Amino acid sequence: MAKSSNQKLKLLYLLKMLNEKTDEENTMTVNEMIAELNRYGITAERKSIYDDLEALRHYGLDIVTRKSKTTEYFVASRLFELPELKLLVDAIQCSKFVTHKKSNELIKKIESLASTKQAQSLHRQVYVSNRVKTINESIYYNVDRLHAAIAENKQVTFKYFDYDIKKEKVYRKNGDKYIVSPYGLSWDDENYYLVTFSTKYNDFTHYRVDRMTDIDLLEENREPLPEKAQFDIAEYSKKVFNMFGGEEVMVKIKFDNSLVNAAIDRFGKDIIIGKLDDTSFFIWIKVAVSSTFFAWLSQFGSKVKVLSPETVVEQYKNSLREILMQYE
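This is the structure in structure tokens:
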């Protein structure tokens, strides 16, 4: 390509490098711009760069100047701000109908809307047990802070509340802050949950993100997991029904053959399915036994039956009796 043709592309390459290489934390000097243009076979003088930057401002590019030892330039605002791009990435990963391949393709395109450095923070993982729909404004910012804490291996502190019958907030622990070690975020039953680990109890627990306020990152690193332990948020979400915890028990469940899809949808394709007879099958699965686990079973009526252990069978029977007593 002739030099004159390259010169005609100077403004376009300058626009490209500013969008790709700069943001509030990553800037460029005029000398760096000249060096970068040289890589494209374009020579430039300082004065022409100043003129080009002014032209790009008139075009609508939000170029901000910052002076320290040198004069630095960066793109301050874009069509999509970084938290909005993170939300789009989360939404794509949350969509069960979007394949893994297509998710990667879409996320790659979203990354092009941010600077190269900012795009690195878009590599996020959110496990979803039910399809995401909407999230409110408070979750929008809370989730972003919690993602940052997980990525930076930091503890977080927050206040946690419930609603009373007047729909007013009632803070737990008399308003004192929780200090936790975050290990994952899960979208379940249209709610975001923060999953944390405690060395004191040697176990995981979770909190509704929309009921958390005053979230702050601490300087202290997260409490480490036990030696050789690995955290799998997908497995955690599968066994904790709708994020209502309970004692974890290995349960044997009988299903009608017509419910094989329901079992796979709930517990994943890796479950081992055993044949009982020509009309039914069984699975062994470790779950947190709770009222929501029983509610999930009861939706299938007589097509599902808890076979063991006997303690869970009795718990389920008592749960059904209590429901029936409401109608006697």
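Position 318 of the sequence shown, counting from 1, maps to 1700 under my numbering, and the rest follow consecutively.
Where a beta carbon is used, it is the ideal one built from N, C-alpha and C, also for glycine.
Quick caveat, the model's predicted, so the values are computed rather than measured.
Shortest Cα-Cα distance from N1535 to any of K1403, F1579, K1549, I1665 involves F1579. The DSSP assignment places 1428-1441, 1464-1476 as complete runs of the alpha helix (DSSP H) inside the region 1413-1478, in order along the chain (cut-off: 4 residues). A straight line joining the alpha-carbon of K1403 with that of K1390 spans about 21 Å.
Runs of beta strand (DSSP E) with 3 or more residues, each lying fully within the region 1572-1599, are found at 1573-1580, 1585-1590, listed in chain order. V1552 counts as exposed, since fewer than 16 other beta carbons sit within 10 angstroms of its beta carbon.
Bounds of any beta strand (DSSP E) do not take in I1489; it lies within the alpha helix (DSSP H) bounded by 1482-1493.
With distances taken between CA atoms, E1696 lies nearest to V1671 out of V1671, A1530, Y1589, L1394. Under a 10 Å Cβ-count criterion, L1706 is classified as exposed, with fewer than 16 other Cβ atoms of the shown protein chains found around its own Cβ. Between K1483 and I1489, the alpha-carbon positions lie close to 10 Å from each other.
Here DSSP, grouped into helix, strand and coil, assigns Q1697 to helix. Two segments are said to touch when three or more pairs of C-beta atoms, one from each, lie closer than 8 Å; by this definition the region 1450-1464 touches the region 1408-1418. Annotated three-state conformation of F1543 is strand, per DSSP. Between L1435 and L1397, the gap from beta carbon to beta carbon reaches 8 Å or more. In this structure, DSSP gives L1607 a state outside helix and strand, which the three-state scheme calls coil. In the DSSP assignment, A1670 forms a beta bridge with E1630. Straight-line spacing of the CA atoms in L1599 and L1467 works out to 21 Å. P1564 counts as buried, since at least 16 other C-beta atoms from the protein chains shown sit within 10 angstroms of its C-beta.
A straight-line Cα-Cα distance of about 45 Å links R1527 and S1684. Annotation: S1485 to A1473 spans about 10 Å, alpha carbon to alpha carbon. For N1388, the CB contacts under 8 Å within the same chain, skipping 5 residues up- and downstream, are Y1422, G1423, I1424 in chain order.
Straight-line measurement puts the Cα of E1463 at about 9 Å from the Cα of L1495. In the three-state reduction of the DSSP assignment, F1676 falls in the helix class, which pools H, G and I. The Cβ neighbour count for Y1441, taken over all protein chains shown within 10 Å, is under 16; the residue is labelled exposed.
With fewer than 16 other beta carbons inside 10 angstroms of its own, N1413 counts as exposed. The shortest CA-to-CA distance from Q1500 to any of K1555, P1465, Q1708, S1701 is the one to P1465.
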